[in-house]
Amino acid sequence: MPAARLFRALLVVTLALPAAALLPWLPAAALAADALLLAAFLVDLRRARAVGIDARREWPPLLVQGAPAEVVIETTSAAARPLTVRLREGLAPALAASPARRTVRFAAGAVDRWAVPLLPRRRGEHPSGPLTARVLGPWGLAWTQRELLPAEPRRVYPRVRWEGEVGRLLTLAHRRRLGSSPLRLHGVGTEPYALRGYLPGDPPSRIHWKATARHGKLISREDTWERGARLAILLDCARAMAAPDGTTLAGDGAGPAPSKLDSALAAALALARVAAARGDRVTVIAFSDRVERVVAVTSGRRALARAYEALYDLQPRRAEPAFDLAAEAAGALGGRSGTAVLMTSVVDLAAAELLREAAVRLERRFRVLMVNLEDPELARLATAPPASPREAFAQVAALGIAVANRHLARRLRGAGVRVVTTPADRLALTTLSAYLALFQGAATRAGGALAGLRR
């Protein structure tokens with residue numbers, strides 16, 4: 001394609017044409033100049049096409065939603081002269097706000113490394129466009145365009161790395177040291193773990209009398225949380241989970257906000273990692289108006305990686321949630337008892353009754369924990385002063401849903417279901433805390449029952 005220098009030269013020739021009335025030979029000279037410029041353009045174009053340029057990409061090992069990263073592009077010039085090249089990396093909108101562009105002026109045989117910032121916005125597999133280059137000819141009259149690297153599909157995974165208390169819990173789970181959890185939860189475990197010397201303050205119920213008689217001194221029993229239990233994580237992927245969760249991507253306030261399903265999936269996988277590290281048999285059941293996926297999660301890095309592979313591209317469906325189908329799928333897992341964690345967002349009064357019936361049905365075979373993800377728009381409407389009659393009506397509706405949610409939570413708690421409501425930025429920690437508290441609460445109740453029998 002023509003370069004700016006060629007257009008400027010043609011403009012000079014054109015501006016000289018008005019003087020043709022005084023110089024009869026000028027039109028012929030202008031035609032000759034145009035022909036010469038055209039020939040120079042073709043020669044320059046051919047030389048630009050003959051230039052050799054090599055390129056390669058270095059992708060980060062893992063692309064995670066909301067986590068800044070960068071792809072490094074290395075280009076090498078094989079020309080024996082200085083070279084001007086315009087590069088364009090056609091990144092998908094899910095990976096960056098816009099395609100990246102760069103102008104490189106190579107010395108003879110030079111190498112250029114270009115770090116292109118990425119901010120993955122949406123989970124799933126996304127195509128990354130080709131790397132194209134425009135090479136300027138040696139006379140600066142022509143650009144030639146070529147594709148240096150083809151398009152490559154890239155996968156964006158849910159959140160993997162956590163900070164704060166959630167990160168500490170995951171680290172303890174990885175090291176099999178969940179007993180060192182920093183959470184302030186009460187109760188003791190029910191499974192034998194180890195024996196140690198008696199310490200002042202140990203309850204008499206923890207004294208191991210046979211070991212005491214054998215060693216001639218008081219020996220206490222260390223207990224740990226029950227392991228090898230069955231955990232079913234029921235993940236709602238229906239219409240309500242497609243709404244924004246109220247958070248923004250790090251370092252980017254202009255991009256699309258993560259959905260509720262994004263936050264819920266990341267929290268569900270964090271819960272699966274902790275539970276699998278405890279030795280629990282974990283199954284994730286994703287559902288909308290149908291059962292979308294059933295994924296078994298076992299301990300070990302490879303097994304957890306397979307779980308991420310199976311769920312990374314899970315997307316919400318614009319349909320009503322079938323809580324009854326999810327309950328049936330959980331009941332079909334087998335076994336006599338276990339724990340079920342239902343992750344949803346209740347914004348529809350019509351679905352609340354179906355949810356209650358499904359939770360009560362689950363309670364017959366599971367210890368049920370329902371995690372209700374707050375809707376940021378409903379919270380805003382319920383608390384912000386209305387500025388118009390329309391906003392007043394919206395506030396009344398939002399308050400009605402909030403009251404119905406509280407009523408639903410009371411009814412579920414009356415049926416034995418533990419209910420927690422949390423915003424998206426605390427979803428993972430709230431879920432992990434409530435899940436671990438289920439076992440500790442059960443242990444406390446068991447200890448109280450034993451104490452009552454002794455009395």
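Each residue of the sequence shown is one higher than the last, beginning at 1 in this note's numbering.
Where a beta carbon is used, it is the ideal one built from N, C-alpha and C, also for glycine.
Note that the structure is a prediction, hence the values are computed from the model and not measured.
Sort the options by Cα distance to residue i and report the nearest one.
{"i": "Glu309", "options": "Ala266, Phe323, Ala79 and Ala326", "result": "Ala266"}
{"i": "Pro200", "options": "Ser220, Val156 and Gly216", "result": "Ser220"}
{"i": "Pro119", "options": "Arg154, Ala397, Thr103 and Ala29", "result": "Pro is not the amino acid found at residue 119; the sequence shown has Leu there. It is Arg154."}
{"i": "Thr247", "options": "Val12, Leu261 and Arg410", "result": "Leu261"}
{"i": "Val160", "options": "Arg81, Phe439 and Ala67", "result": "Ala67"}
{"i": "Ala115", "options": "Thr76, Arg86 and Glu58", "result": "Glu58"}
{"i": "Glu147", "options": "Arg49, Val417, Asp236 and Gly167", "result": "Arg49"}
{"i": "Pro244", "options": "Pro258, Ala238 and Cys237", "result": "Pro258"}
{"i": "Val51", "options": "Asn405, Ala79, Arg318 and Val111", "result": "Ala79"}
{"i": "Arg367", "options": "Gly338, Thr75, Val72 and Pro138", "result": "Gly338"}
{"i": "Pro385", "options": "Pro376, Arg364, Gln395 and Glu377", "result": "Gln395"}
{"i": "Ala173", "options": "Thr421, Asp112, Val274 and Ser128", "result": "Val274"}
{"i": "Ala55", "options": "Glu70, Pro150, Ala28 and Ala69", "result": "Pro150"}
{"i": "Arg302", "options": "Glu320, Phe287 and Ala277", "result": "Ala277"}
{"i": "Thr421", "options": "Ala415, Leu373, Ala387 and Ser433", "result": "Leu373"}
{"i": "Arg81", "options": "Pro138, Ala29 and Asp112", "result": "Pro138"}
{"i": "Ala33", "options": "Pro376, Leu15 and Leu10", "result": "Leu10"}
{"i": "Ala319", "options": "Arg239, Phe287 and Ala305", "result": "Arg239"}
{"i": "Ala28", "options": "Leu42, Val13 and Phe41", "result": "Val13"}
{"i": "Ile401", "options": "Ala415, Val111, Leu378 and Arg390", "result": "Leu378"}
{"i": "Pro117", "options": "His126, Val71, Thr144 and Pro127", "result": "Val71"}
{"i": "Leu438", "options": "Leu369, Glu391, Gly414 and Pro321", "result": "Leu369"}
{"i": "Val156", "options": "Ala359, Ile285, Val419 and His126", "result": "His126"}
{"i": "Tyr312", "options": "Gly331, Ala229, Ala330 and Ala286", "result": "Ala286"}
{"i": "Arg418", "options": "Ser388, Ala264 and Met343", "result": "Met343"}
{"i": "Gly279", "options": "Gly300, Ser263 and Ser288", "result": "Gly300"}
Please classify residue i: does DSSP put it in a helix, a strand, or coil?
{"i": "Met343", "result": "strand"}
{"i": "Arg159", "result": "coil"}
{"i": "Gly300", "result": "coil"}
{"i": "Gly338", "result": "strand"}
{"i": "Asp483", "result": "Here the chain has residues from 1 to 455 only, and residue 483 is not among them."}
{"i": "Ala437", "result": "helix"}
{"i": "Pro130", "result": "coil"}
{"i": "Ala351", "result": "helix"}
{"i": "Pro203", "result": "coil"}
{"i": "Pro18", "result": "helix"}
{"i": "Asp313", "result": "coil"}
{"i": "Gly331", "result": "helix"}
{"i": "Ala9", "result": "helix"}
{"i": "Arg137", "result": "Arg is not the amino acid found at residue 137; the sequence shown has Gly there. It is coil, neither helix nor strand."}
{"i": "Arg168", "result": "helix"}
{"i": "Arg230", "result": "strand"}
{"i": "Ser181", "result": "Bear in mind that the predicted position of Ser181 carries a pLDDT of just 46, short of 50, making it too unreliable to give a figure here."}
{"i": "Gly189", "result": "Residue placement at Gly189 cannot be trusted, given a pLDDT of 45 that sits under 50; what the coordinates show is reported in the next sentence. In this structure, Gly189 counts as coil in the three-state DSSP scheme."}
{"i": "Leu432", "result": "helix"}
Is it true that the CB of residue j sits closer than 7 Å to the CB of residue i?
{"i": "Ala352", "j": "Leu412", "result": "no"}
{"i": "Glu165", "j": "Leu429", "result": "yes"}
{"i": "Thr298", "j": "Leu333", "result": "no"}
{"i": "Gly140", "j": "Arg47", "result": "no"}
{"i": "Leu362", "j": "Ala327", "result": "yes"}
{"i": "Ala108", "j": "Asp44", "result": "no"}
{"i": "Ala268", "j": "Leu231", "result": "no"}
{"i": "Val341", "j": "Asn405", "result": "no"}
{"i": "Pro158", "j": "Cys237", "result": "no"}
{"i": "Arg86", "j": "Thr103", "result": "yes"}
{"i": "Arg105", "j": "Gln65", "result": "no"}
{"i": "Leu399", "j": "Ala382", "result": "yes"}
{"i": "Phe323", "j": "Leu271", "result": "no"}
{"i": "Val294", "j": "Leu325", "result": "no"}
{"i": "Leu169", "j": "Leu432", "result": "yes"}
{"i": "Ala100", "j": "Glu89", "result": "yes"}
{"i": "Arg121", "j": "Ala94", "result": "yes"}
{"i": "Thr171", "j": "Leu136", "result": "no"}
Look up residue i in the DSSP assignment and give the residues it is bridged to.
{"i": "Phe366", "result": "Gly338"}
{"i": "Ala142", "result": "Pro2"}
{"i": "Gly124", "result": "Val156"}
{"i": "Ala359", "result": "Answer is none; Ala359 lacks a bridge partner."}
{"i": "Pro150", "result": "Answer is none; Pro150 lacks a bridge partner."}
{"i": "Arg113", "result": "Glu74"}
{"i": "Gly216", "result": "None, per the DSSP bridge assignment."}
{"i": "Val236", "result": "Note that residue 236 is Asp in the sequence shown here, rather than Val. Phe287."}
{"i": "Arg221", "result": "Leu195"}
{"i": "Leu118", "result": "Ala69"}
Against chain D, does residue i count as a neighbour if the rule is that its beta carbon must be under 7 Å from one of theirs?
{"i": "Asp324", "result": "Structure shown: chain D not included; a single protein chain is present."}
Q) Residue ranges of each alpha helix (DSSP H) run of no fewer than 4 residues wholly in the region 25-105, ordered along the chain? A) 26-49
Q) Where in the region 257-295 do unbroken runs of the alpha helix (DSSP H), each at least 4 residues long, occur, reported from the N-terminal end onward? A) 260-277
Q. Can you give, in chain order, each stretch of the alpha helix (DSSP H) that sits fully within the region 371-430 and has at least 4 residues?
A. 376-383 and 389-414
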